[in-house]
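Participant:
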């Protein structure tokens, strides 16, 4: 079934990936990015939103670490979520 | 941007890609020491005590988080180890709405800071020096009025009362100047204690009742809301705020009007509203009402004793207490000034104890 506008599953996936790089700060980091750039509750993150958000996440993380390979790896994993998680909501893969 | 501004451009990985000669001069670096380097590692932002500012709190991080330009004062530790105050403006660089890096423009404000500090020190010193002779004038005037130095004629008593009134007014002005100096220099001390806002407001109303009755103005106080009117805050600062708002309301209300205070005890904060039936504030002046030295033209023609510092001071003091202030007003009908105070206020966000701080 195609999802409605909410997609907390995607947000959870993004936080899970981010935790690998930012540890316990992941949830707050992503939540702030969603709220500031998309002006919506984090739980309503959509795949199309994530595509736009990745660029902001990249530049923000680049101020936390100078390891460009790590940044590339992290953003590549986020980009992967936009492919593997279409606008499919809670019933998605 | 003037020729005195330093400019640094970073790419999407926070690496410095451009730096102008003025930036190199301010920071004391050579171009090859900065180009290609990671911005947070080479451009060290610190607080005035030379402690590193967390990366997330730096203007560039804020600009990325909000997607907007950020301007603020900060401090940079330069190549020779000195800490200098800088004014920074950072904007994300966008290409097709996608962030590609950032541009930071900054200026060394050491000279401006020095001048500002000297100005504040001068006002503080001058104010203290003015208070001493004023105190003698008031004491002896009171002794004369009270007959300690022999009987006076009614004309002499009247003149002395005018002297006392003028001395009190000057004392208030000096207090206002001192408080503004303290707020602007960040040297105001906040001492948080549990207090009853109803009792405090009542106390201020009593103190101002004589002034109000001279103008036949009715004063009133009421409480709404289901919560307690008690909260933790600084009593002296709060009293200054309430006194300023109520005396303003009395001052700018014509004879026979009404001035009221309402305390709305809400779950997370307390909202206090001061309402008057005065001359009100013209709509086109609303934006400027909390500006320093601003006086609305409609009242400055009628009331000549104001300085335009009261509301500027109130706003500054409320910020010290973690509160907010706003108003609604219509010319010819009166004004409502509302302010909130948080219930869980624990004190201002200061990192370090400063022995130079003064109490109100």
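Protein chains in written order, with our numbering: chain P, 1 to 93; chain F, 94 to 453. The beta carbon of each residue, even a glycine, is placed where N, CA and C say it ideally should be.
Looking at chain P, is there any beta carbon in it that lies within less than 7 Å of the beta carbon of residue 192(F)?
Facilitator: Chain P contact via Cβ: present.
Participant: Using the Cα positions of residue 37(F) and residue 280(F), report the straight-line distance between them to the nearest angstrom.
Facilitator: This structure cannot settle anything about residue 37(F), because the visible part of chain F is limited to 94 through 453.
Participant: What residue range does the beta strand (DSSP E) around residue 419(F) cover?
Facilitator: From DSSP, the beta strand (DSSP E) with residue 419(F) extends over 417–423.
Participant: Closer than 7 Å by beta-carbon distance: list the chain F residues that pair up with residue 46(P), in chain order.
Facilitator: The premise fails here: residue 46(P) is roughly 17 Å from chain F at the closest Cβ pair, so nothing lies under 7 Å.
Participant: Using the beta-carbon count (16 or more within 10 Å), is residue 273(F) buried or exposed?
Facilitator: When all chains shown are included, residue 273(F) counts as buried.
Participant: Quick one: which residues of the region 151–173 of chain F get their C-beta closer than 8 Å to a C-beta of chain P? List them in chain order.
Facilitator: Those residues of the region 151–173 of chain F that come within reach of chain P (Cβ to Cβ, closer than 8 Å) are 151, 153, 154, 157, 158, 159, 160.
Participant: For the putative contact between residue 151(F) and residue 138(F), defined by C-beta atoms under 8 Å, what is the C-beta separation to the nearest angstrom?
Facilitator: Going by Cβ atoms, the distance from residue 151(F) to residue 138(F) rounds to 5 Å, so yes, they are a contact pair.
Participant: Does the Cβ-Cβ distance between residue 180(F) and residue 202(F) come in under 7 Å?
Facilitator: It is a contact, given that the beta carbons lie within the stated cut-off.
Participant: Hey, out of 215(F), 130(F), 155(F), 305(F), whose CA is closest to residue 275(F)'s CA?
Facilitator: Considering only alpha carbons, the answer is 215(F).
Participant: Could you tell me the distance, in whole angstroms, from the CA atom of residue 402(F) to the CA atom of residue 384(F)?
Facilitator: Between residue 402(F) and residue 384(F), the C-alpha separation is close to 8 Å.
Participant: Is residue 265(F) near the ligand MG, in the sense that its beta carbon is under 6 Å from a heavy atom of that ligand?
Facilitator: As far as ligands go, the structure on display features none, and thus does not contain the ligand MG.
Participant: Is residue 94(F) close to chain P, meaning its C-beta is less than 7 Å from at least one C-beta of that chain?
Facilitator: At residue 94(F) the pLDDT is 49, less than 50, meaning the model places this residue with poor confidence; the figure from the coordinates comes in the next sentence. So no, residue 94(F) is outside the interface.
Participant: Is it buried or exposed for residue 315(F), if we count other Cβ within 10 angstroms and need 16 for buried?
Facilitator: Exposed, since its Cβ has fewer than 16 Cβ neighbours within 10 Å.
Participant: Any residues in the region 299–317 of chain F with a beta carbon nearer than 9 Å to a beta carbon of chain P? Which ones, in chain order?
Facilitator: Within the region 299–317 of chain F, no residue qualifies.
Participant: Are the C-beta atoms of residue 107(F) and some chain P residue less than 7 Å apart?
Facilitator: Chain P, which has a Cβ nearer than 7 Å to the Cβ of residue 107(F), makes this yes.
Participant: Just to confirm before moving on: does the CB-CB distance between residue 187(F) and residue 36(P) stay below 7 Å?
Facilitator: The answer is no: Cβ separation not under 7 Å.
Participant: Do residue 349(F) and residue 422(F) have their C-beta atoms within less than 7 Å of each other?
Facilitator: Their beta carbons are not under 7 Å apart, which means residue 349(F) does not touch residue 422(F) by this criterion.
Participant: Residues in the same chain with beta-carbon distance under 6 Å from residue 447(F), minus the five sequence neighbours each way, listed in chain order, please.
Facilitator: The pLDDT assigned to residue 447(F) is 37, lower than 50, so where the model puts this residue is not dependable; a value taken from the coordinates is nonetheless given after this. None.
Participant: Just checking: is the beta-carbon of residue 39(P) within a distance shorter than 7 Å of some beta-carbon in chain F?
Facilitator: Not one chain F Cβ lies under 7 Å of residue 39(P).
Participant: Grab me the residues of residue 113(F)'s own chain with a C-beta within less than 6 Å of its C-beta, minus the 5 sequence neighbours each way, in chain order.
Facilitator: Only 100 meet the Cβ criterion.
Participant: Candidates 257(F), 343(F), 318(F), 145(F): which alpha carbon is nearest residue 297(F)'s?
Facilitator: Looking at the Cα atoms, 343(F) is the closest of the given residues.
Participant: Taking the C-alpha atoms as reference points, what is the distance between residue 49(P) and residue 38(P)?
Facilitator: Rounded to the nearest angstrom, the two C-alpha atoms are 7 Å apart.
Participant: Using the Cβ count rule (16 or more neighbours within 10 Å means buried), how would you classify residue 362(F)?
Facilitator: Residue 362(F) is buried by the Cβ-count criterion.
Participant: What number of angstroms, rounded off, separates the C-alpha of residue 378(F) from the C-alpha of residue 21(P)?
Facilitator: Distance between the alpha carbons of residue 378(F) and residue 21(P): 51 Å.
Participant: I need the boundaries of the alpha helix (DSSP H) containing residue 336(F), first residue and last residue.
Facilitator: Start and end: 328–344.
Participant: With DSSP as the reference, label residue 42(P) as helix, strand or coil.
Facilitator: Residue 42(P) falls in the helix class under three-state DSSP.
Participant: Per DSSP, what kind of secondary structure is residue 76(P) in: helix, strand or coil?
Facilitator: The answer is helix: DSSP assigns residue 76(P) an H, G or I state.
Participant: So the alpha helix (DSSP H) residue 251(F) belongs to, where does it begin and stop?
Facilitator: 247–277 is the extent of the alpha helix (DSSP H) around residue 251(F).
Participant: Could you give the distance in angstroms between the alpha-carbon of residue 430(F) and the alpha-carbon of residue 185(F)?
Facilitator: Distance between the alpha carbons of residue 430(F) and residue 185(F): 38 Å.
Participant: Between the region 69–83 of chain P and the region 12–26 of chain P, can you find at least three pairs of beta-carbon atoms closer than 8 Å?
Facilitator: The region 12–26 of chain P vs the region 69–83 of chain P: in contact.
Participant: Is it the case that the Cβ atoms of residue 322(F) and residue 406(F) are separated by a distance below 7 Å?
Facilitator: Not in contact: residue 322(F) and residue 406(F) (Cβ atoms no closer than 7 Å).
Participant: At the level of alpha carbons, what is the spacing between residue 51(P) and residue 111(F)?
Facilitator: If I take the Cα positions, the gap works out to 28 Å.
Participant: Taking 7 Å as the threshold (beta carbon to beta carbon), is residue 63(P) in contact with chain F?
Facilitator: Chain F contact via Cβ: present.
Participant: If you draw a straight line from the alpha carbon of residue 131(F) to that of residue 66(P), how long is it in whole angstroms?
Facilitator: The straight-line gap from Cα to Cα measures roughly 6 Å.
Participant: Residue 60(P) versus chain F: which residues are under 8 Å apart at the beta carbon?
Facilitator: Under the 8 Å cutoff, chain F gives 154, 157, 158.
Participant: Let me check understanding here. Comparing Cα to Cα, which of 324(F), 325(F), 191(F) lies closest to residue 56(P)?
Facilitator: Out of 324(F), 325(F), 191(F), 191(F) has the C-alpha closest to the C-alpha of residue 56(P).
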